[in-house]
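Peer 1:
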Amino acid sequence: MGPTESRLGQMTDSGATRVAVYLDFDNIVISRYDQVNGRNSFQRDKAKGLESARLARSRVDVGAILDFASSFGTVVLTRAYADWSAEVNAEYRQQLVGRAVDLVQLFPAAAYGKNGADIRLAVDAVEDMFRLPDLTHVVIVAGDSDYIPLAQRCKRLGRYVVGIGVAGSSSRALAAACDDFLIYDSLPGVPISEAPAADAKKSARTKKSADPATPDPQTAATALLKRALQIGLEKDDDEWLHNSEVKAQMKRMDPSFSEKALGFKSFSDFLRSRSDMVELDETSTTRLVKLR
Numbered sequence: 001m002g003p004t005e006s007r008l009g010q011m012t013d014s015g016a017t018r019v020a021v022y023l024d025f026d027n028i029v030i031s032r033y034d035q036v037n038g039r040n041s042f043q044r045d046k047a048k049g050l051e052s053a054r055l056a057r058s059r060v061d062v063g064a065i066l067d068f069a070s071s072f073g074t075v076v077l078t079r080a081y082a083d084w085s086a087e088v089n090a091e092y093r094q095q096l097v098g099r100a101v102d103l104v105q106l107f108p109a110a111a112y113g114k115n116g117a118d119i120r121l122a123v124d125a126v127e128d129m130f131r132l133p134d135l136t137h138v139v140i141v142a143g144d145s146d147y148i149p150l151a152q153r154c155k156r157l158g159r160y161v162v163g164i165g166v167a168g169s170s171s172r173a174l175a176a177a178c179d180d181f182l183i184y185d186s187l188p189g190v191p192i193s194e195a196p197a198a199d200a201k202k203s204a205r206t207k208k209s210a211d212p213a214t215p216d217p218q219t220a221a222t223a224l225l226k227r228a229l230q231i232g233l234e235k236d237d238d239e240w241l242h243n244s245e246v247k248a249q250m251k252r253m254d255p256s257f258s259e260k261a262l263g264f265k266s267f268s269d270f271l272r273s274r275s276d277m278v279e280l281d282e283t284s285t286t287r288l289v290k291l292r
């Protein structure tokens with residue numbers, strides 16, 4: 001066993017959870033703006049000047065992101081990557097500094113208008129994992145599929161990877177590459193935002209051609225639940241399964257699954273809503289579920 005593997009073994013044996021958070025800030029701010037104000041609205045509005053009312057309506061609650069990240073353990077470092085000279089980002093600086101976030105300055109490449117956050121973030125994250133072998137969790141706040149290799153590398157190095165992205169701008173492939181993936185809207189304290197009516201109509205017209213494979217979230221969740229129960233039955237040869245085991249299996253198959261994002265207060269409420277497919281045993285503190 002080499003020195004790196006030895007350090008990683010010590011990390012997992014200690015039992016302490018230590019978290020590193022990396023925010024592709026431009027990605028989140030622009031994705032949230034487009035979610036609230038309409039698809040591709042950020043680039044259109046930027047050309048003529050961003051209105052304060054539209055910016056305020058789509059403001060990102062940084063505290064909600066950082067508070068959620070802290071639920072995994074002690075946050076030992078947080079970095080946010082953006083062009084902080086841009087006015088849309090500059091207004092967040094004081095809030096971020098107040099939460100001990102390290103602001104990494106990036107400048108857009110003249111040819112493409114991209115700031116290269118994905119490359120810089122990935123390099124820093126991998127370096128941190130070797131520099132700080134006691135890191136147990138890596139939280140990537142971005143929805144771009146460019147981060148899939150980073151998520152996979154973090155997992156290979158023994159870290160638990162959490163992704164946070166904005167609905168409508170998050171790659172399903174990135175979600176699958178993480179151990180857990182949360183939509184920003186589902187974070188505690190964040191109000192769910194609906195797309196503007198005009199944009200919703202446009203999306204409805206183009207949805208079939210743009211992404212015909214994307215299923216309805218409720219239908220997809222039902223299919224996910226059924227498969228998790230079938231896997232549990234096949235594995236243990238026991239038709240009654242613990243609720244927690246079923247949810248854990250669903251999260252392993254689809255890290256983006258969240259009963260709260262689907263409108264349910266608890267996983268048990270989610271199961272009750274599928275009573276035509278599953279049967280619940282709630283006679284004891286240990287809730288059990290099986291396929292009907």
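Numbering (my numbering), first residue to last: 1 to 292.
Don't be surprised by glycine CBs; every beta carbon is placed ideally from N, CA and C.
Small disclaimer: the values here were computed from a predicted structure and weren't measured.
Considering only their Cβ atoms, is the gap separating Val104 from His137 smaller than 8 Å?
Peer 2: Locating residue 137 in the sequence shown gives position 137, where the first residue counts as 1. Locating residue 104 in the sequence shown gives position 104, where the first residue counts as 1. Against a cut-off of 8 Å, the Cβ pair of Val104 and His137 comes out as no contact.
Peer 1: Would Leu262 pass as a contact of Arg272 if the rule is Cβ separation under 8 Å?
Peer 2: Position 262 of the sequence shown, counting from 1, holds the residue named residue 262. Position 272 of the sequence shown, counting from 1, holds the residue named residue 272. Cβ distance not < 8 Å, so Leu262 and Arg272 don't count as in contact.
Peer 1: Give me whichever residues DSSP pairs with Tyr160 in a beta bridge.
Peer 2: As a working mapping, residue 160 is identified with position 160 in the sequence shown. In the DSSP output, where bridge partners are listed per residue, Tyr160 has His137.
Peer 1: Suppose you measure from the CA of Arg44 to the CA of Asp67; what does that come to, to the nearest Å?
Peer 2: Taking the sequence shown and counting its residues from 1, the one referred to as residue 44 is at position 44. Taking the sequence shown and counting its residues from 1, the one referred to as residue 67 is at position 67. For Arg44 and Asp67, the distance between alpha carbons rounds to 32 Å.
Peer 1: Write down every uninterrupted run of the beta strand (DSSP E) in the stretch 26-89 whose length is 3 residues or greater and which is fully enclosed by it, in chain order.
Peer 2: 74-82, all fully within the stretch 26-89.
Peer 1: On the CB-based measure, 16 or more other CB atoms within 10 Å of its CB, does Arg32 come out buried or exposed?
Peer 2: In the sequence shown, residue 32 corresponds to position 32, counting from 1. Arg32 is buried by the Cβ-count criterion.
Peer 1: List the DSSP bridge partners of Lys290.
Peer 2: To locate residue 290, count along the sequence shown from 1; it is residue 290. According to DSSP, which records beta bridges pairwise, Lys290 is partnered with Glu279.
Peer 1: Thinking just about the alpha-carbon of each residue, which of Glu87, Asp118, Lys247, Phe257 is nearest to the one in Arg287?
Peer 2: Start at 1 with the first residue of the sequence shown, and residue 287 comes out as number 287. Arg287 has its Cα closest to that of Lys247, out of Glu87, Asp118, Lys247, Phe257.
Peer 1: Do you know whose CA, among Ser170, Ala176, Tyr81, lies nearest Tyr184's CA?
Peer 2: Along the sequence shown, one-based indexing puts residue 184 at 184. Of the listed residues, the one whose Cα sits closest to Tyr184 is Ser170.
Peer 1: If distances are taken between C-alpha atoms only, which option among Pro149, Leu224, Leu291 comes closest to Trp240?
Peer 2: The residue you call residue 240 lines up with position 240 of the sequence shown. For the residues Pro149, Leu224, Leu291, the minimum Cα distance to Trp240 belongs to Leu291.
Peer 1: Could you give the distance in angstroms between the alpha-carbon of Lys265 and the alpha-carbon of Leu224?
Peer 2: Counting from one through the sequence shown, the residue named residue 265 turns up at place 265. Counting from one through the sequence shown, the residue named residue 224 turns up at place 224. Their Cα atoms are separated by approximately 18 Å.
Peer 1: Locate the beta strand (DSSP E) running through Phe181, then write down its first and last residues.
Peer 2: Along the sequence shown, read from residue 1 onward, the residue named residue 181 stands at position 181. It spans 180-183 - the beta strand (DSSP E) in which Phe181 sits, taken as one unbroken run.
Peer 1: Give me the DSSP bridge partner(s) of Asp102.
Peer 2: Mapped onto the sequence shown, residue 102 falls at position 102. Bridge partners of Asp102: Arg79.
Peer 1: Please confirm whether Leu318 and Ala122 have their CB atoms less than 8 Å apart.
Peer 2: Here the chain comprises residues numbered 1 to 292, so residue 318 is not present and cannot be evaluated.
Peer 1: Whether or not the stretch 76-83 and the stretch 19-28 are in contact is what I'm after, with contact meaning three or more pairs of Cβ atoms, one per stretch, closer than 8 Å; do they touch?
Peer 2: Yes, the stretch 19-28 touches the stretch 76-83.
Peer 1: Could you spell out where the beta strand (DSSP E) holding Leu23 opens and where it closes?
Peer 2: The residue labelled residue 23 in the question sits at position 23 within the sequence shown. Leu23 -> beta strand (DSSP E) spans 18-24.
Peer 1: According to DSSP, is Leu241 helix, strand or coil?
Peer 2: Walking along the sequence shown from the start, residue 241 turns up at place 241. It is a strand residue.
Peer 1: Suppose you measure from the CA of Arg252 to the CA of Arg227; what does that come to, to the nearest Å?
Peer 2: The residue you call residue 252 lines up with position 252 of the sequence shown. The residue you call residue 227 lines up with position 227 of the sequence shown. Cα to Cα, Arg252 sits roughly 12 Å from Arg227.
Peer 1: Reducing DSSP to helix, strand and coil, say where Gly232 ends up.
Peer 2: As a first step, residue 232 is located in the sequence shown; it is residue number 232 there, counting from the start. Residue state, collapsed to three classes: helix.
Peer 1: Residues in the same chain with beta-carbon distance under 7 Å from Ala64, minus the five sequence neighbours each way, listed in chain order, please.
Peer 2: Here residue 64 refers to the residue found at position 64 of the sequence shown. Only Leu187, Pro188, Gly189, Val190 meet the Cβ criterion.
Peer 1: So, at 8 Å on beta carbons, what are the nonlocal neighbours of Glu245 in its own chain, with the 5 sequence-adjacent residues on each side left out?
Peer 2: Residue 245 sits at position 245 when you count from the first residue of the sequence shown. Answer for Glu245: Gly232, listed in chain order.
Peer 1: Between the alpha carbons of Pro215 and Tyr160, how many angstroms are there, rounded?
Peer 2: Indexing the sequence shown from 1 puts residue 215 at position 215. Indexing the sequence shown from 1 puts residue 160 at position 160. Those two C-alpha atoms are separated by around 27 Å.
Peer 1: Of the residues Thr283, Ala221, Lys155, which one's Cα is nearest the Cα of Phe267?
Peer 2: As a working mapping, residue 267 is identified with position 267 in the sequence shown. The shortest C-alpha separation from Phe267 is found at Ala221.
Peer 1: List the whole-angstrom C-beta distance separating Val62 from Arg99, where the pair is believed to meet the contact cut-off of C-beta under 8 Å.
Peer 2: Within the sequence shown, the letter at position 62 stands for residue 62. Within the sequence shown, the letter at position 99 stands for residue 99. The pair is a contact, with the Cβ atoms about 7 Å apart (cut-off 8 Å).
Peer 1: Looking at C-alpha atoms only, which residue of Gly158, Val36, Val141 is the closest neighbour of Leu174?
Peer 2: Indexing the sequence shown from 1 puts residue 174 at position 174. The shortest C-alpha separation from Leu174 is found at Val141.
Peer 1: Within 10 angstroms of the Cβ of Val97, are there 16 or more other Cβ atoms? Answer buried if so, exposed if not.
Peer 2: As a working mapping, residue 97 is identified with position 97 in the sequence shown. Val97 should be labelled exposed.
Peer 1: Which value, in whole angstroms, describes the spacing of the CA atoms of Ala20 and Tyr147?
Peer 2: Within the sequence shown, numbered from 1, the residue matching residue 20 stands at position 20. Within the sequence shown, numbered from 1, the residue matching residue 147 stands at position 147. Going from the Cα of Ala20 to the Cα of Tyr147 covers about 15 Å.
Peer 1: Find out if the Cβ-Cβ distance for the pair Val29, Val88 is shorter than 8 Å.
Peer 2: Taking the first residue of the sequence shown as 1, we reach residue 29 at position 29. Taking the first residue of the sequence shown as 1, we reach residue 88 at position 88. Yes, the Cβ-Cβ distance between Val29 and Val88 is below 8 Å.
Peer 1: Determine the burial state of Asn40: buried for a count of at least 16 other Cβ atoms within 10 Å of its Cβ, exposed for fewer.
Peer 2: Locating residue 40 in the sequence shown gives position 40, counting from the first residue. Label assigned to Asn40: exposed.
Peer 1: Taking just the CA atoms, how far does Ser256 sit from Arg120?
Peer 2: Counting from 1 along the sequence shown, the entry for residue 120 is found at position 120. Counting from 1 along the sequence shown, the entry for residue 256 is found at position 256. For Arg120 and Ser256, the distance between alpha carbons rounds to 25 Å.
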